[in-house]
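Participant:
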Ligand code: BG6
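Numbering (this note's numbering), first residue to last: 1 to 507.
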């Protein structure tokens, strides 16, 4: 008797949990993130029937908007989606509300409390609340304190707080912020968000590593010669100069997104799939990580800034010419560096990470290069045999590929590399959700697995302390190298790898 073939698309691959009745309160609701990412993600959850009918979104910001105006603003941002799903939007938008709130004015907090009670009555949201701080980082501490003082974080089972990145500016400010937020609520109420952890392909690194028996035995210094982690963007600073000028690529991308990809790639297998087991392993590996040369950091790190570029028809501005940017700015838009992880698994294996704006291509990936075969028995078609390489493609072309040598057809015995490929799109036929879809649902469900714990955030800041201090005290030692827009960054970044006889992968 033959076994029935199960078509995964037909039985439905998604195993989705439905959010409990609640009100999500977004502070900073007039800002970019709300209409670009958060409301589209919530609408997506609504269409997937993962939001209960007892759900409300309360937008808060200082502007004197009304419920109606807030709904219209959100509708403008979702125009195309609404055109395809008008009925869903009409249902969903009934649960959108707005309240003008300045988190620094106690009277506003009292009014907020009253409004929440009213929403509880209208939408049956059972006093269950998730507060999302999508405000400028300098308001995080006062925001948490204000919510706690207003008694809105009192019940750890029914109130959660989501805090956007960057969580702190360096190790000591992250430590103080942790202390402050932990005095306002319990750690299980605090959700430090890093949207890279919401990406399907970043989570897939865990599944690929720990659901297959073939990878784990070779996932270490005996087989892997180096790891490259890239997050390249084609966009420039856009409208965010105000924030970016005081952040730069190191704080904006490296300390969080790239470090999280590194932690997931390098962590030890957890004993169980539960939030604390996973986060313990991530914290441990970050505590063992260090930049390759802590005494002379300029030898293992490169900073760059984009210059003009593009074509005659669509010229691109240099970073220093962008609106809101200081014409003499020394903020980096590109960082590349070499790190080591001092533990049994990874001792001596270099991890190279790089990120930049206005690079040649939008691509994020993790590349593990394996050691060469010990003896070369065959001639290689390209001169020398390539090393095996596993590429975990985070975006945009989500999937993975493995490169290995095969016999070149013909009478000789020459080898040449080929690629074996897995693509999310081809295998599952549906696009992955944006990271925020997963993370908003998890925060509202109270599941912290994909959020960073206080010790992880501190370990990540500690890792970059030698660089941050050098930039602060003697920036000339870590100068900014200009690079043309839409290229692969400054030449000194290639030189960083050339010192180790390596090249960056050009995806
Ligand atoms: C954000 C950074 O966290 O991530 C942005 O602040 C960056 O500067 C963005 O553009 C990149 O995210 P993604 O998902 O497009 O890779």
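Glycine is no exception: its CB is placed at the ideal position from the N, C-alpha and C atoms.
Does the stretch 186 to 193 touch the stretch 463 to 476, meaning 3 or more C-beta pairs lie closer than 8 Å?
Facilitator: Verdict: no, contact absent.
Participant: For residue 12, collect the residues of the same chain with a Cβ closer than 7 Å to its Cβ; drop the 5 residues on either side in sequence, then sort them by chain order.
Facilitator: Within the chain shown, numbered from 1, the residue matching residue 12 stands at position 12. With a pLDDT of 44 at residue 12, under the threshold of 50, the modelled position of this residue cannot be trusted, and the question is left open.
Participant: Applying the 10 Å Cβ sphere with the 16-neighbour rule, what's the burial state of residue 22?
Facilitator: Locating residue 22 in the chain shown gives position 22, where the first residue counts as 1. Label assigned to residue 22: buried.
Participant: Please determine whether the Cβ atom of residue 120 lies at a distance below 7 Å from any heavy atom of ligand 1.
Facilitator: Along the chain shown, one-based indexing puts residue 120 at 120. No, Cβ of residue 120 sits at least 7 Å from all heavy atoms of ligand 1.
Participant: Assign residue 9 to buried or exposed, taking buried as 16 or more other Cβ atoms, counted over all protein chains shown, within 10 Å of its Cβ.
Facilitator: In the chain shown, residue 9 corresponds to position 9, counting from 1. For residue 9, the predicted structure reports a pLDDT of 38, less than 50, and the residue's modelled location is therefore unreliable. The matter cannot be settled from this model.
Participant: Hey, which unbroken runs of the alpha helix (DSSP H) at 4 residues or more fall wholly within the stretch 217 to 260?
Facilitator: Complete alpha helix (DSSP H) runs here, min 4: 241 to 244.
Participant: Excluding five sequence neighbours on each side, which residues of the same chain lie with their C-beta closer than 7 Å to the C-beta of residue 413?
Facilitator: Taking the chain shown and counting its residues from 1, one reaches residue 413 at position 413. Here the set comprises 378 and 407.
Participant: In the DSSP assignment, the beta strand (DSSP E) including residue 483 goes from what residue to what residue?
Facilitator: Here residue 483 refers to the residue found at position 483 of the chain shown. Where residue 483 is concerned, the enclosing beta strand (DSSP E) stretches over 480 to 485.
Participant: Among 221, 56 and 467, which residue has its Cα nearest to the Cα of residue 299?
Facilitator: Counting from one through the chain shown, the residue named residue 299 turns up at place 299. Among 221, 56 and 467, the Cα nearest to that of residue 299 belongs to 467.
Participant: In the structure shown, what three-state DSSP assignment does residue 23 receive?
Facilitator: For this step, residue 23 is matched to residue 23 along the chain shown. Strand at residue 23.
Participant: Could you give the C-beta distance for residue 225 and residue 370, rounded to a whole number, given that I count them as a contact under 8 Å?
Facilitator: The sequence position of residue 225 within the chain shown is 225, counting from 1. The sequence position of residue 370 within the chain shown is 370, counting from 1. Sure, about 7 Å apart at Cβ, within 8 Å.
Participant: For residue 453, which option in 503, 153, 46 and 167 has the closest C-alpha, if you only look at C-alpha atoms?
Facilitator: Taking the chain shown and counting its residues from 1, the one referred to as residue 453 is at position 453. Of the candidates 503, 153, 46 and 167, the one whose C-alpha sits nearest the C-alpha of residue 453 is 167.
Participant: Residue 80: buried (16+ other C-beta within 10 angstroms of its C-beta) or exposed?
Facilitator: By one-based count along the chain shown, residue 80 stands at place 80. Per the 10 Å Cβ criterion, exposed.
Participant: From residue 420 to residue 161, what distance separates their C-alpha atoms?
Facilitator: As a working mapping, residue 420 is identified with position 420 in the chain shown. As a working mapping, residue 161 is identified with position 161 in the chain shown. Going from the Cα of residue 420 to the Cα of residue 161 covers about 43 Å.
Participant: Of the choices 487, 491 and 241, whose alpha-carbon is the least far from that of residue 481?
Facilitator: Taking the chain shown and counting its residues from 1, one reaches residue 481 at position 481. That would be 491, whose Cα lies nearest to the Cα of residue 481.
Participant: Are any of the Cβ atoms in chain C nearer than 8 Å to that of residue 395?
Facilitator: Of the protein chains in this structure there is only one, and it is not chain C.
Participant: Identify the continuous alpha helix (DSSP H) that holds residue 110 and give its terminal residues.
Facilitator: Residue numbering aside, residue 110 sits at position 110 when the chain shown is read from its first letter. Here the alpha helix (DSSP H) through residue 110 covers 106 to 123.
Participant: Who are the near neighbours of residue 281 in its chain, counting only those whose CB is closer than 6 Å to its CB and skipping five residues on each side?
Facilitator: Along the chain shown, one-based indexing puts residue 281 at 281. Within the same chain, residue 281 has close Cβ partners 267, 268 and 270.
Participant: For residue 508, which residues of its own chain have a beta-carbon under 6 Å away from its beta-carbon, when the five flanking residues on both sides are left out?
Facilitator: Because the chain spans 1 through 507 in this model, residue 508 falls outside it and cannot be assessed.
Participant: Considering just the uninterrupted stretch of the alpha helix (DSSP H) at residue 209, what are its terminal residues?
Facilitator: Here residue 209 refers to the residue found at position 209 when the chain shown is read from its first residue. From DSSP, the alpha helix (DSSP H) with residue 209 extends over 200 to 210.
Participant: For ligand 1, any of its heavy atoms closer than 7 Å to the Cβ of residue 257?
Facilitator: Position 257 of the chain shown, counted from the first residue, corresponds to residue 257. Yes, Cβ of residue 257 sits closer than 7 Å to a heavy atom of ligand 1.
Participant: Ignore the nearest five residues each way along the sequence and tell me which others in residue 459's own chain have a CB closer than 7 Å to its CB.
Facilitator: Position 459 of the chain shown, counting from 1, holds the residue named residue 459. Once the five neighbours on either side are set aside, the close Cβ partners of residue 459 are 283, 286 and 287.
Participant: Applying the 10 Å Cβ sphere with the 16-neighbour rule, what's the burial state of residue 473?
Facilitator: For the purposes of this step, residue 473 is identified with residue 473 of the chain shown, where counting begins at 1. So residue 473 ends up on the exposed side.
Participant: Taking its Cβ as the centre, do 16 or more other Cβ atoms sit within 10 Å of residue 95, making it buried, or is it exposed?
Facilitator: For the purposes of this step, residue 95 is taken as the residue at position 95 of the chain shown. The residue in question, residue 95, is buried, as its Cβ has 16 or more Cβ neighbours within 10 Å.
Participant: Might you give, ordered along the chain, the residues of its own chain that have their beta carbon closer than 6 Å to the beta carbon of residue 237, omitting 5 neighbours on each side?
Facilitator: For the purposes of this step, residue 237 is identified with residue 237 of the chain shown, where counting begins at 1. Closer than 6 Å at Cβ, skipping near neighbours: 244 and 322.
Participant: At the level of alpha carbons, what is the spacing between residue 450 and residue 112?
Facilitator: Here residue 450 is taken as the residue at index 450 of the chain shown, counted from 1. Here residue 112 is taken as the residue at index 112 of the chain shown, counted from 1. Approximately 29 Å between the Cα atoms of the pair.
Participant: Check whether the Cβ of residue 231 lies closer than 7 Å to any heavy atom of ligand 1, and answer yes or no.
Facilitator: As a first step, residue 231 is located in the chain shown; it is residue number 231 there, counting from the start. Yes - ligand 1 has a heavy atom lying nearer than 7 Å to the Cβ of residue 231.
Participant: Cβ of residue 397 within 7 Å of any heavy atom in ligand 1?
Facilitator: As a working mapping, residue 397 is identified with position 397 in the chain shown. Residue 397 Cβ: outside cutoff for every heavy atom of ligand 1.
Participant: Hey, how far is the Cα of residue 228 from the Cα of residue 265?
Facilitator: Locating residue 228 in the chain shown gives position 228, where the first residue counts as 1. Locating residue 265 in the chain shown gives position 265, where the first residue counts as 1. If you take the alpha carbons of residue 228 and residue 265, they lie about 11 Å apart.
Participant: Restricting to runs no shorter than 3 residues, where is the beta strand (DSSP E) found entirely within the stretch 135 to 200?
Facilitator: Counting whole runs of 3 or more residues, the stretch 135 to 200 contains the beta strand (DSSP E) stretches 159 to 163 and 190 to 192.
Participant: If you pair each beta-carbon of the stretch 425 to 440 with each one of the stretch 41 to 48, do three or more pairs fall below 8 Å?
Facilitator: Yes, since at least three Cβ pairs between the stretch 425 to 440 and the stretch 41 to 48 fall closer than 8 Å, the two stretches touch.
Participant: Helix, strand or coil: which one does DSSP assign to residue 416?
Facilitator: Taking the chain shown and counting its residues from 1, the one referred to as residue 416 is at position 416. Strand, per DSSP.
Participant: Can you tell which of 20, 78 and 201 has its C-alpha closest to the C-alpha of residue 399?
Facilitator: Within the chain shown, residue 399 is the residue found at index 399, counting from 1. Checking every option, the nearest Cα to that of residue 399 belongs to 201.
Participant: Note down the Cα distance separating residue 7 from residue 350, rounded to an integer number of angstroms.
Facilitator: For the purposes of this step, residue 7 is taken as residue 7 along the chain shown, with counting starting at 1. For the purposes of this step, residue 350 is taken as residue 350 along the chain shown, with counting starting at 1. Any reading at residue 7 is ruled out, since the residue's pLDDT is 38, under 50, leaving its predicted position unreliable.
Participant: For the structure I just gave you, are there three or more beta carbon pairs, one from the stretch 379 to 399 and one from the stretch 244 to 257, closer than 8 Å?
Facilitator: They do not touch, by the three-pair rule.
Participant: Is the stretch 54 to 63 touching the stretch 146 to 166 in the sense that three or more CB pairs, one from each, lie closer than 8 Å?
Facilitator: Judged by Cβ distances under 8 Å, the stretch 146 to 166 makes no contact with the stretch 54 to 63, as fewer than three pairs qualify.
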